[in-house]
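2 protein chains.
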Amino acid sequence: METQQPVRLRVFSLNCWGIRYLSRHCEQRFEMIADMLERERHDIVLLQEVWSEQDFLSLKRKLSVTHPYSHHFKSGVIGSGLAFFSKYTLQNTLLHQYSLNGYPYKVRHGDWFGGKAVGLAVLDVTGLRVHVYITHLHAEYCRSHDEYLAHRTAQAWELQQFVHHTSRGAALVVLGGDLNMHPQDLGTRLVQALTGLRDCYTEAQVFDGCEDGITLIADNPFTKREDLIPFEKGIRIDYIMFKGSESLSVQCESLSTTKGSVPGHPFPYSDHEALTAELVLFHSEGSNMPVSEGLAILTEAQMVVREQRFQTESMLGKSAHLLAVGVALLLLTLALWAVPWICPGALVSLLSVLCLTAFLSGVLLYLLFLTQLKALRETDQQMSLSSNHMQERFTRCRAALSASDEAVISHSPSPFKWEE
Amino acid sequence: METQQPVRLRVFSLNCWGIRYLSRHCEQRFEMIADMLERERHDIVLLQEVWSEQDFLSLKRKLSVTHPYSHHFKSGVIGSGLAFFSKYTLQNTLLHQYSLNGYPYKVRHGDWFGGKAVGLAVLDVTGLRVHVYITHLHAEYCRSHDEYLAHRTAQAWELQQFVHHTSRGAALVVLGGDLNMHPQDLGTRLVQALTGLRDCYTEAQVFDGCEDGITLIADNPFTKREDLIPFEKGIRIDYIMFKGSESLSVQCESLSTTKGSVPGHPFPYSDHEALTAELVLFHSEGSNMPVSEGLAILTEAQMVVREQRFQTESMLGKSAHLLAVGVALLLLTLALWAVPWICPGALVSLLSVLCLTAFLSGVLLYLLFLTQLKALRETDQQMSLSSNHMQERFTRCRAALSASDEAVISHSPSPFKWEE
């Protein structure tokens, strides 16, 4: 930082619900978003679900003067949907696609095709190195029976690993996006506890927005109330988080959300509410972020991942069976082709189609579950390693403390830190 | 570093050619490798092509005393093949799978199924933070007509991006593995120029090994001489690279390679030669690694990636055609099913199978090429961004220099550094 004056940074995040031809009023909403962004001139803009390249390019054109730096992160079949705009110089970007992201055969859910990822943008903000992370995790389609819980938890793990390993040397870290997790959900706690990132909603000195900071509100005309049950008013799943560094302390002065309707327009910007956080950056001499609860959360996350491992192993077995059925049918069909008078042609046709379908589905599902099993086992082992390392450090810290003063332990927060 | 005494670090790297049932003498060779590793007691061991979990676990058991820390990185259908062993405490690991890695329908080449990746292992070496990277890039099957050049170059780009973004705060960075690239190949130059990593072969004070440091030698009984043409003696594609930091300067005291045969055994460890580097670490007050050539190499790499973009776009068009043919055949088959007397049953069966095959292949190939196109475009744009940033810094540096002293520029190396 070249001056000792505090720097102010306004960060904006919105899930735009930008599925062309499927999301209602998509084109008009993107125009409204572009107008608002051009008028508001936030320093950093983090958009999710900008699925169409054309929509990104329109935004880019419109914001070329106010936000000369931008990036559209590309991954998967459709894209990651992540778009980034900034007033400040963008120095470098990096993309990490999550190794687990639902299933391709869940075509209606479609997350798999999106190639969910976390994008990093490295910015130069008046001489400060600022790392901005933007992400969108797998959606939760049914809270009472959430078949994607383990995938989302593994994504949260990868997200914190990515932030942990790439944020060294950053004066300020900002993470924004649609986590698809409530504040008390395992994945949210995992990310916060292990990275030390602080949630703008809980940290803001002033908050102006929907009750409890909810970002998916029942009053939104694009939202089906029944999808939110049992949360009558809505849920909070979009976040802006931040952390400073030894040389820079950060305060969140204010956080605001949109509140559904947009004055002068017949509908809101999106089915999600937008977040705007105002961060103030001061020079500092170091800040401590005790995360003693990290170990317990990590253990909980590892159990979720392990359970999914067992389920995926069973699915792998089932796809092997399907493959075997395909092979058996194939042999039968070949036999019927060889002696055509046994069986009418139409039945042979039907059998051919059946055996080919069973065989191909078997192969593809087998490959899919094998890949997912590898990723789950990798996550599990990374978690074990971190957990052991944390345990060891924790034990060492406690030993050092008890040697010096037993009484202090019970009355002071643990000095144990994951970030070292 | 707790003492001012130099620390010595012996690093070992070997592509083990460990494809069970396909690689010759696989089991016996893994036994030989385990015996040698247990005897030699290198500090850090980096193995590639340990495809089978069982082989990894045998190694782990055998090395449990000499190398208590280990990790087998898992990704893709078969795995990444990357295995890591260390004497020193392993604190954390991270895996990044490359977004481009060949094609699933090239079953004989098989790289796609391997989920090629770069693994990071964070070590505590007597109080020093050491980042060890292990990788294996896509193989080159035909040098004169290398259809994987762009994929390998994109992997080299992702490798340097990953090292660049995750190595901050490391006292020492070590990269080892099978890059499948010759020393003068674009990707090797890209990695070295942009990360500042130095090649042990060119840096070693003492070298003992095969002529020109080759690691795939014609004399190896597992190698087909004709695969090496026009390189009569062999090629160098395996590397150990390193770089120090501001607080630590590093020298490579020696590098050695195995030379084909192993005394007392009828065959060598692998079809690759093994590398052993001895690094010496001293406290220092900062070292400079000018990489003024980085920009030119980056531009060259970007051209390769762009050309592949155009090719992939054309392949995408072709798969759309295949899909259209599939749909047309489907309609025809349905029509024939509706009026069965027009056409014999066997022909309808054949048509059913054909249309289903064309349709499914069309869909899968379309998804594949669309995903690859996204990844290529992401790489291209990341490269543009870095290139602009480097260009800008370079211009600024030159302007500063010419303001102070024109004469110095022409006689001294450029002070421009990518790592900032």
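Chains as they are written, first to last, in the working numbering: chain A, 1 to 420; chain B, 1001 to 1420. Cβ coordinates follow ideal geometry from the N, Cα and C atoms, glycine included.
Please give me, in chain order, every unbroken run of the alpha helix (DSSP H) with length at least 4 that falls completely inside the region 1168-1226 of chain B.
Counting only runs of 4 or more, we get 1186-1195, 1200-1203.
Measure the alpha-carbon distance for SER23(A) versus ILE240(A) and round it to whole angstroms.
For SER23(A) and ILE240(A), the distance between alpha carbons rounds to 24 Å.
Return the residue from the list ASN1092(B), MET1036(B), THR1312(B), GLU1038(B) that minimises the CA-CA distance to GLN391(A).
Looking at the Cα atoms, ASN1092(B) is the closest of the given residues.
Which residues in chain A sit within 8 Å of ARG1377(B), going by Cβ to Cβ distance?
LYS74, listed in chain order.
Which chain B residues are close to SER270(A), counting only those with a beta carbon under 9 Å from its beta carbon?
What SER270(A) touches in chain B: nothing, since even the nearest Cβ is about 23 Å away.
Please report the straight-line C-alpha distance between HIS1109(B) and GLY1076(B), rounded to a whole angstrom.
Approximately 15 Å, taken between the alpha carbons.
In whole angstroms, give me the CA-to-CA distance for GLU1246(B) and ARG236(A).
If you take the alpha carbons of GLU1246(B) and ARG236(A), they lie about 44 Å apart.
Tell me whether ARG189(A) is buried or exposed, calling it buried when 16 or more other Cβ atoms sit within 10 Å of its Cβ.
Buried.
At a CB-CB cut-off below 9 Å, which residues of chain A make contact with THR1312(B)?
Those do not exist, as THR1312(B) stays about 13 Å from chain A at its closest Cβ, beyond 9 Å.
Spell out the partners DSSP gives GLU1278(B) in its beta bridges.
Beta-bridge pairing links GLU1278(B) to ARG1010(B), SER1254(B).
By DSSP, does GLN1381(B) sit in helix, in strand, or in coil?
GLN1381(B): helix per DSSP, three-state reduction.
Consult DSSP for MET1289(B) and reduce its assignment to one of helix, strand or coil.
Note on MET1289(B): pLDDT 42, under 50, position unreliable in the model; no value is reported.
Rounded to the nearest angstrom, what separates VAL363(A) and SER314(A) at their Cα positions?
Looking at the two C-alpha atoms, the distance is approximately 15 Å.
Output yes if chain B places a C-beta closer than 8 Å to the C-beta of ARG20(A); else output no.
False, the Cβ-Cβ gap to chain B never drops below 8 Å.
Apart from the five residues just before and just after LEU316(A), which ones in its own chain have a Cβ nearer than 7 Å to its Cβ?
Excluding positions up to five away in sequence, the list reads TYR366, PHE369, LEU370, LEU373.
What does GLN1251(B) reach in chain A if we use C-beta pairs closer than 7 Å?
Result: empty, since nearest Cβ-Cβ is about 25 Å, beyond 7 Å.
Give me, in chain order, the residues of the same chain whose beta-carbon lies closer than 7 Å to that of ALA1218(B); leave out the 5 immediate sequence neighbours on both sides.
Cβ within range, chain order: ARG1225, LEU1228, GLU1232, LYS1233, GLY1234.
May I ask which residues mark the beginning and end of the beta strand (DSSP E) holding LEU90(A)?
It spans 89-97 - the beta strand (DSSP E) in which LEU90(A) sits, taken as one unbroken run.
Looking at the structure shown, is GLN302(A) part of a helix, part of a strand, or coil, going by DSSP?
Correct three-state label for GLN302(A): helix.
Using the beta-carbon of each residue, which ones in chain A are nearer than 9 Å to LYS1374(B)?
Simply LYS74, SER75, GLY76, VAL77, ILE78, GLY79, SER80, GLY115.
If contacts are defined as beta-carbon pairs under 8 Å, then TRP17(A) and PHE222(A) qualify, I think. What distance do you get, rounded to the angstrom?
With a Cβ gap of about 7 Å, TRP17(A) and PHE222(A) count as contacting.
Tell me the residue span of the beta strand (DSSP E) that contains VAL262(A).
From DSSP, VAL262(A) is part of no beta strand (DSSP E); its letter is neither H nor E.
Against chain A, with Cβ distances strictly below 8 Å, would ASN1092(B) count as a contact?
Yes, contact with chain A.
Are any of the Cβ atoms in chain B nearer than 8 Å to that of MET289(A)?
Confidence at MET289(A) is low in this model, with a pLDDT of 42, below 50, so the placement of that residue is unreliable and no value is reported for it.
Mind checking who PHE1084(B) pairs with in its DSSP beta bridge?
Per DSSP, LEU1046(B), HIS1071(B).
From THR357(A) to PHE1073(B), what distance separates their C-alpha atoms?
The alpha-carbon atoms of THR357(A) and PHE1073(B) are separated by roughly 33 Å.
Whose Cβ in chain B lies nearer than 8 Å to the Cβ of GLY127(A)?
The premise fails here: GLY127(A) is roughly 12 Å from chain B at the closest Cβ pair, so nothing lies under 8 Å.
Measure how close the beta-carbons of LEU1159(B) and VAL1107(B) come, nearest whole angstrom, since I'm counting them as under 8 Å.
Actually they are not in contact, since the Cβ atoms of LEU1159(B) and VAL1107(B) sit about 25 Å apart, beyond 8 Å.
Taking buried to mean at least 16 other C-beta atoms within 10 Å of its own C-beta, is GLN1302(B) buried or exposed?
Its Cβ being crowded by 16 or more others within 10 Å, GLN1302(B) is buried.
To which residues does DSSP link PHE394(A) through a beta bridge?
DSSP lists no partner for PHE394(A).
Starting from HIS145(A) and walking both ways along the alpha helix (DSSP H), at which residues does that stretch end?
From DSSP, HIS145(A) is part of no alpha helix (DSSP H); its letter is neither H nor E.
Mind checking if LEU1295(B) is an interface residue toward chain A, Cβ cutoff 8 Å exclusive?
Chain A contact via Cβ: absent.
Counting only C-beta atoms, is ARG225(A) closer than 8 Å to chain B at any point?
Closer than 8 Å: no.
Looking at the secondary structure, which residues open and close the alpha helix (DSSP H) in which HIS165(A) lies?
Taken as a continuous stretch (DSSP letters only), the alpha helix (DSSP H) holding HIS165(A) covers 149-166.
For ASP55(A), report the span of its alpha helix (DSSP H) as first-last.
53-62 is the extent of the alpha helix (DSSP H) around ASP55(A).
Under 7 Å between beta-carbons, which chain A residues line up against GLY1169(B)? List them in chain order, please.
Within chain A, the residues near GLY1169(B) are ARG168, GLY169.
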